[in-house]
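As structure tokens, the structure follows; a few thoughts come after it.
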Amino acid sequence: MFRKIVEPMFVISLLMVSLVTSEYLPPIEERDLPTVGSFCSTHGIAIQGDFCASCKQPVYCDPTATPTVTVPWDECDDDYVCEEFSPGLATCVPSSTATTCACTSNMCDPYSPSYAAACNAGALDNIVDCATEAGTQTCAYGLCIDCTKASGEWYIVTPDCNAGYLCVSGSLAATQQCKENEYLTSEGKCESAPPPPCLDSCSRNCPDPTNCKQYYYCDGDGGVLSGPFTCDPDEYFDTATKQCAKGDSSVCDPLTQCAFAQPLNDTLSPRFY
């Protein structure tokens, strides 16, 4: 019933919906900041002064030179980010006082939207230029996304699963942000979380979208006939075989990766096949 594909960027496909993890950016010590050599000219800077090329990189621009000169200053320290107070006036400020680059989760850089910025304990600790990453094009929800291998699929960002983006003809076509108590469906719609069992016209044995140890018996029209039933302690519900099986969580419904999923438990219940 389900087809799962693991991509290099930790993308897992479920029919026409995919879940993508937001925790893949390496520590800042492991890579340099994106190249900013042409920042001033490509952004049409018209006055001399200091600007933010990203949340971590202040630069000096001199448009009176031919060609326009971009001089990168030292990157901001770990607990600091770049802040522009007015055109031509920018410097590194403590993350706790930042406005433009304040973060609570991974984000797309407000100064360079193609950059993905990782947020760690309220501070940005890495910037990645999505345009230079293999197979990716742009940034959405703090992720370097790749639309070149898929079309017409909604990619849902874990662990909240209340935001996602749509790829069409190899390009980013739309994004969707649901409310905090909602989740994004495979059709790009916002529904109340957690999702109910017996989704997508599933019949007979069907996965519990919030617990990979459990399953329901469904009527094929969204109705629950009986359940939930619980697998043995060393088993998971396999969405391909629609039975409990020994193994690991790779056989689980991808929705069980979402924050609304219940912790796995080892309670035994009658089986129904």
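When you line the sequence shown up against mature numbering (1 follows the signal peptide of the UniProt record, and there is no 0), it's residues -22 to -1, 1 to 251, in that order.
No residue lacks a Cβ here, since even glycine has one placed at the ideal position from N, Cα and C.
Check	Outcome
Going by the DSSP bridge assignment, what does Ile123 pair with across the sheet?	Thr116
Sort Gln155, Ala101, Tyr93, Ala118 by Cα distance to Ala109 and report the nearest one.	Tyr93
Taking C-beta to C-beta, are Lys220 and Glu213 nearer than 7 Å?	no
Going by Cα to Cα distance, which pick from Cys70, Gly100, Thr116, Tyr195 is closest to residue 260?	One cannot answer for residue 260 here, as it falls past the ends of the chain, which runs -22 to 251.
Express the C-alpha separation of Cys190 and Ala237 in angstroms, rounding to a whole number.	13 Å
Given a cut-off of 7 Å, decide if Phe17 and Thr48 are closer than it, judged by their beta-carbon atoms.	yes
Whole-angstrom Cβ separation of Cys156 and Cys168, contact assumed at under 8 Å?	4 Å
Does the separation of the CB atoms of Ser179 and Gly166 fall below 7 Å?	no
Give me whichever residues DSSP pairs with Gln155 in a beta bridge.	Ala141
Residues in the same chain with beta-carbon distance under 6 Å from Ala152, minus the five sequence neighbours each way, listed in chain order, please.	Leu144
Rounding to the nearest angstrom, what Cα-Cα distance links Asp226 and Ala141 in this structure?	27 Å
Throw me the rounded Cβ distance for the residue 262 and Ser149 pair, which I believe falls under 8 Å.	Nothing in the structure corresponds to residue 262, since the chain is present only between -22 and 251.
Do Pro172 and Thr188 count as a contact pair if the criterion is CB distance below 7 Å?	yes
Is the Cβ-Cβ distance between Cys176 and Gly200 less than 7 Å?	yes
Give the range of the beta strand (DSSP E) segment to which Phe238 is assigned.	It is not in any beta strand (DSSP E) - Phe238 carries neither H nor E in the DSSP assignment.
DSSP beta-bridge partners for Lys208?	Checking the sequence, you will find Thr at residue 208 rather than Lys. DSSP output for Thr208 lists Gln192 as bridge partner(s).
Based on the DSSP output, what are the partners of Pro185 in its beta bridges?	Tyr193
Is DSSP giving Cys228 helix, strand or coil here?	A small correction: the amino acid at residue 228 is Ser; Cys does not occupy that position in the sequence shown. Ser228 falls in the helix class under three-state DSSP.
Under 7 Å between the Cβ atoms of Cys33 and Cys60?	yes
For a quick check, are the C-beta atoms of Val106 and Tyr119 less than 7 Å apart?	no
Could you give the DSSP three-state label for Ala223: helix, strand or coil?	strand
Residues in the same chain with beta-carbon distance under 6 Å from Glu111, minus the five sequence neighbours each way, listed in chain order, please.	Cys122
Which of the three DSSP states is assigned to Thr48 in this structure?	strand
Take Ala218 as the anchor and find which of Cys230, Thr77, Phe207, Val71 has the nearest alpha-carbon.	Cys230
Using C-beta distances below 7 Å, list every residue in its chain close to Glu8, excluding the 5 sequence neighbours before and after it, in chain order.	Confidence is the limiting factor: at Glu8 the pLDDT is only 41, short of 50, which leaves the residue's position unreliable, though a coordinate-based value still follows. Hits under 7 Å: none found.
In three-state DSSP terms, what is Ser149?	strand
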